[in-house]
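From first to last, the protein sequence lines are chains A and B. Its first residue numbered 1, the first sequence is counted upward by one per residue in this note's numbering. Its first residue numbered 1001, the second sequence is counted upward by one per residue in this note's numbering. All C-beta atoms in this analysis are idealised placements derived from N, C-alpha and C, irrespective of residue type, glycine included. Heads up, the thing below is written out as structure tokens.
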Amino acid sequence: NAGVTQTPKFRILKIGQSMTLQCAQDMNHNYMYWYRQDPGMGLKLIYYSVGAGITDKGEVPNGYNVSRSTTEDFPLRLELAAPSQTSVYFCASSYLTSGGETQYFGPGTRLLVL
Amino acid sequence: RKEVEQDPGPFNVPEGATVAFNCTYSNSASQSFFWYRQDCRKEPKLLMSVYSSGNEDGRFTAQLNRASQYISLLIRDSKLSDSATYLCVVTPYTGGFKTIFGAGTRLFVKA
């Protein structure tokens, strides 16, 4: 299994440009998440999904959009890039067991907005 | 008060030292607890789960104190490769989207 994959690994955007960050998982997990992590800071939840067709906002959703048409894919869309969106973006997936939830993370996408 | 609080550190220790991290959580109904490890410029990865009875994995020991609402991670005989950020993670039993990650404690192990 590839686990959670993310593309691209790194991207430079100009202010006002748009892009889609791709995320895919092959573990058949229902739950998927998008986080951002600013330098020296913790993870902040942007959006999450509990299954195909179901998404909801996290802590910092402004400036982003998501869709979940399949179990495997959970792309994150930035419509009008701003310097404040410079960050590392992690996608994660998980499943629930009686012992709780373990999240598996992708390698991240580093985004620089200039 | 933050839902999950950790001492940000950094903790600077020599090889072979024993180091302990604490984490407090505010939601008394929290059910599941974990420690994740994040290496510099890498994604977080599960280190170990934390159980009420305490659990050990090699040099790592995790403890949970529900009455005081804190969890701990003890690392014995520190190695250079233990240098990383350790994230305290708390989640309710039923709500995956409510999993809360602490900001992390930075550990530097020096030769």
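Within chain B, the residues that residue i reaches when beta carbons sit closer than 9 Å
i, result
"GLU72 (chain A)", "Ordered by position in chain B, no residue passes the 9 Å Cβ test against GLU72 (chain A), which lies about 17 Å from the chain."
"PHE90 (chain A)", "GLU1043, PRO1044"
"GLY51 (chain A)", "By Cβ distance, chain B contributes nothing, its closest Cβ being about 11 Å from GLY51 (chain A), past 9 Å."
Extent of the continuous beta strand (DSSP E) to which residue i belongs
i, result
"CYS1088 (chain B)", "1084-1091"
"ALA1020 (chain B)", "1019-1025"
"ASN1065 (chain B)", "1060-1065"
"PRO1014 (chain B)", "1011-1014"
"GLU1056 (chain B)", "1055-1057"
"VAL113 (chain A)", "109-113"
"LYS1098 (chain B)", "Element bounds for LYS1098 (chain B): n/a, residue is neither H nor E."
"TYR1051 (chain B)", "No beta strand (DSSP E) contains TYR1051 (chain B), which DSSP labels as neither H nor E."
Own chain partners of residue i with C-beta closer than 7 Å, once the 5 adjacent residues on each side are dropped
i, result
"ARG1066 (chain B)", "SER1052"
"LEU1080 (chain B)", "GLU1015, VAL1109, ALA1111"
"GLY57 (chain A)", "For the sequence presented, residue 57 (chain A) should be read as Lys rather than Gly. Answer for LYS57 (chain A): TYR47, listed in chain order."
"TYR1036 (chain B)", "PRO1044, LYS1045, LEU1046, LEU1047, LEU1087, VAL1089"
Under 7 Å by beta carbon: chain C residues contacting residue i
i, result
"ALA1103 (chain B)", "Absent here is chain C; the protein component of the structure consists of chains A and B."
Contacts that residue i makes with chain B (C-beta to C-beta distance below 7 Å)
i, result
"GLN103 (chain A)", "THR1099"
"GLY3 (chain A)", "Those do not exist, as GLY3 (chain A) stays about 10 Å from chain B at its closest Cβ, beyond 7 Å."
Partners in chain A for residue i, counting only beta-carbon separations shorter than 7 Å
i, result
"PRO1044 (chain B)", "PHE105"
8 Å Cβ cut-off: residues of chain A touching residue i
i, result
"GLN1031 (chain B)", "GLY100"
"THR1091 (chain B)", "GLY100, GLU101"
Cβ-based neighbour list, residue i, same chain, cut-off 6 Å, excluding 5 preceding and 5 following
i, result
"THR1018 (chain B)", "ARG1076"
"GLN974 (chain B)", "The first residue shown for chain B is 1001 and the last is 1111, placing residue 974 (chain B) beyond what the model contains."
"ARG1106 (chain B)", "GLY1009, PRO1010, THR1085"
"GLU59 (chain A)", "LYS44, LEU45"
"VAL88 (chain A)", "GLN37, GLY108, ARG110"
"THR71 (chain A)", "ALA52"
"ASP1057 (chain B)", "MET1048"
"GLN103 (chain A)", "ALA92, SER94"
Cβ shell of residue i (< 8 Å), same chain only, five flanking positions each side left out
i, result
"ILE54 (chain A)", "ARG68"
At 3 residues or longer, what runs of the beta strand (DSSP E) sit wholly inside the segment 8-54 of chain A?
10-13, 19-25, 31-37, 43-51
What are the start and end residues of each continuous beta strand (DSSP E) run of 3 or more residues lying completely inside the segment 78-105 of chain A, in chain order?
87-97, 100-105
Please list the residues of the segment 5-32 of chain A that have a C-beta atom closer than 7 Å to any C-beta atom in chain B, keeping them in chain order.
TYR31
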